[in-house]
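To start, the structure under review is shown below, and the notes come after it.
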Amino acid sequence: MQRIRWVLCLVAVAGAVAGGGAQSAAQPPLISVVKKGADKNTVSLAGVRAPGPYGQIFVKTLARDLELSGWFKVAPSGAVVVKGSVADAGSGIQSGCRVEWPGKAFNWARASLGQAEVRRQAHQLADEMVKLIAGETGIAQTRIVFVNRRGRNNADLYVCDADGQNVMQITHDNVAAVGPRWAPNGRDIYYTSFLKGYPAVYRMVAGTERKALAAFKGLNTGAAISPDGSRAALILSYQGNPELYVLTLSGGNLTRLTQTPHGSEASPCWSPDGRSIVYVSDIDRTPQLYLADVATRRSRRLTYKGSENVNPDWHAKGGIVYATKRGGGYQIAAFNPQEGERSAAMVTPPGSYEHPSWAADGRHVVCSNGGALYILDTLGDPAVRLLNVAGNWMSPDWSER
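Residue numbers (the working numbering): 9 to 409.
Laid out in structure tokens, this is it:
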């Protein structure tokens, strides 16, 4: 399989979706521990009565969500006990649960219609348990957008829940659709498409309505939305080389941040405070990470180790995660931007790991590896293959909510 190169913003379709069909991917080895291992709360769901099919879906979804959070271990008995009933009621369920752990408890009750609502409510309970018991941000209600490549000039966008279920195709254009990114609102998706025969950036509103955001002459790609939702970082080439720009979404004002006549920029990502943008440039011959100050328009190089450092994503808690090429293979690494590259730690062994994206908890990362998607845990849990659906999956992006 040919690799999707670090320059997501290739002028030709071949650069974005070159290669053959789907390939199988073996389960990767355990990831390296980036931080000190996390203690797990044992939780028992044995006290939940769920005799019908919808109830079973609820319990199964809740158990998987708790395990994937990394903060719980589901067991026949545990320090955390969930009691109650999840009873089928026509086309849905009536649920009432009480969650108890040493010295504390809370009650949770919902009614839902249909399988989709049953799963959604299990996600809600899982996130509530993560918040109240572990004191952390839950990710069960978040979603992941990604690309399925089916040929040289054909790649469509899909979304799924954080547990890999509820997979849905959201573009059906028979052209290349690449580089999807969630907006901070968790509803809109920005991506690059060759819908009109050239690379333009589109905004998909709530998974249905589509609007063009950037369709300048030449290359339009790399849309990343600022944390406050007011600006988009873009890679545009209408003035020559692919350069980094910032576009205000309300007024359409465009500001150029880089001037690299002998290089190209790619893969912009905002800092959590919205003041800086980390991006990739090959101005020094090899693709490396750079940091641009939006106000001053000044940039500085962040990475020096590795022949390539690409695909950055930034989380306030987790730092900057990226793909680094060392020793012939790509692996995922993360570092604290305040300490610089010297604090970088490897999250995976060498291989074909690309396009990392942080979960909202700043602990988990989704990435691609050999045509499959995996969820990595920076606290040391085993990598989890996300999808059990055939495809050639790549370029995932995790929603913030």
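Glycine included, every Cβ here is placed at the ideal spot set by N, Cα and C.
Cβ-Cβ separation, residue j to residue i (assumed contact under 8 Å), whole Å
i: Ser403; j: Val155; result: 4 Å
i: Pro364; j: Val329; result: 5 Å
i: Ala331; j: Val318; result: 5 Å
i: Val213; j: Lys219; result: 7 Å
i: Ala83; j: Trp109; result: Actually they are not in contact, since the Cβ atoms of Ala83 and Trp109 sit about 14 Å apart, beyond 8 Å.
i: Ile152; j: Ala124; result: The Cβ separation is near 17 Å, so there is no contact.
Residue i and residue j closer than 8 Å at C-beta
i: Tyr287; j: Ala303; result: no
i: Gln149; j: Asp164; result: no
i: Ser99; j: Arg118; result: no
i: Leu381; j: Val374; result: yes
i: Arg334; j: Gly314; result: yes
i: Cys168; j: Leu384; result: no
i: Ala231; j: Tyr206; result: no
i: Asn228; j: Thr268; result: no
i: Pro192; j: Gly146; result: no
i: Ala4; j: Asn49; result: Here the chain has residues from 9 to 409 only, and residue 4 is not among them.
i: Val94; j: Phe66; result: yes
i: Leu255; j: Ala222; result: yes
i: Arg371; j: Gly326; result: yes
i: Gly78; j: Val56; result: no
i: Asp405; j: Trp190; result: yes
i: Ala368; j: Val355; result: no
i: Ser234; j: Gly282; result: yes
i: Ala130; j: Thr216; result: no
i: Leu76; j: Val51; result: no
i: Pro280; j: Leu297; result: no
i: Lys225; j: Tyr253; result: no
Collapsed DSSP secondary structure at residue i in the structure displayed
i: Ile181; result: Strictly speaking, residue 181 in this sequence is Asp, with Ile absent from that position. In this structure, Asp181 counts as coil in the three-state DSSP scheme.
i: Trp406; result: strand
i: Ala71; result: helix
i: Phe202; result: coil
i: Ser289; result: strand
i: Ser32; result: Residue placement at Ser32 is poorly supported in this model, since its pLDDT is 36, which falls under 50; the coordinates still yield a value, given next. Three-state DSSP puts Ser32 in coil, outside helix and strand.
i: Gln102; result: strand
i: Gln64; result: helix
i: Arg350; result: helix
i: Ser279; result: coil
i: Ser315; result: coil
i: Leu310; result: coil
i: Tyr166; result: strand
i: Ser272; result: coil
i: Val41; result: With a pLDDT of 42 at Val41, under the threshold of 50, the modelled position of that residue is not reliable, and the figure given next carries that caveat. Coil.
i: Ser52; result: strand
i: Ser93; result: strand
i: Ser284; result: strand
Which listed residue (the options) has its alpha carbon closest to that of residue i
i: Gly60; options: Asn228, Asp96, Asp281; result: Asp96
i: Asn162; options: Glu316, Ala170, Asn182, Val51; result: Asn182
i: Glu251; options: Ser307, Ala124, Gly337; result: Ser307
i: Trp366; options: Val94, Ile340, Ala352; result: Ile340
i: Ser258; options: Ser245, Thr266, Ala240, Leu244; result: Ala240
i: Arg106; options: Ala54, Pro280, Gly348; result: Ala54
i: Asn377; options: Val51, Ala391, Ala368; result: Ala391
i: Val186; options: Arg195, Gly159, Gln123; result: Gly159
i: Ser289; options: His270, Arg127, Arg305, Trp278; result: His270
i: Ser360; options: Gly337, Glu349, Gly111, Ser120; result: Gly337
i: Leu140; options: Arg127, Ser120, Arg157, Asn115; result: Asn115
i: Pro357; options: Thr386, Val175, Phe202, Arg128; result: Thr386
i: Gly413; options: Phe224, Leu310, Ser85, Pro320; result: Any answer about residue 413 is impossible in this case: the structure gives the chain only from 9 up to 409.
i: Ser120; options: Gly63, Arg350, Ser284, Tyr210; result: Gly63
i: Val397; options: Ala113, Met176, Ala71, Asp47; result: Met176
i: Glu316; options: His180, Glu362, Lys81; result: Glu362
i: Trp401; options: Arg393, Arg350, Arg157; result: Arg157
Cutoff 8 Å: residue i Cβ touching any chain C Cβ
i: Lys139; result: Of the chains in the structure shown, none is chain C; there is only one protein chain.
Pick out the complete alpha helix (DSSP H) segments inside the stretch 207 to 264, 4 residues or longer, and give them in chain order. Listed in chain order, there is nothing to give.
Uninterrupted alpha helix (DSSP H) stretches inside the stretch 120 to 150 (no shorter than 4 residues): Listed in chain order, they are 122 to 137.
Give, in chain order, every unbroken run of the beta strand (DSSP E) that is at least 3 residues long and sits entirely within the stretch 349 to 402. Qualifying beta strand (DSSP E) stretches, in chain order: 361 to 366, 372 to 377, 380 to 385.
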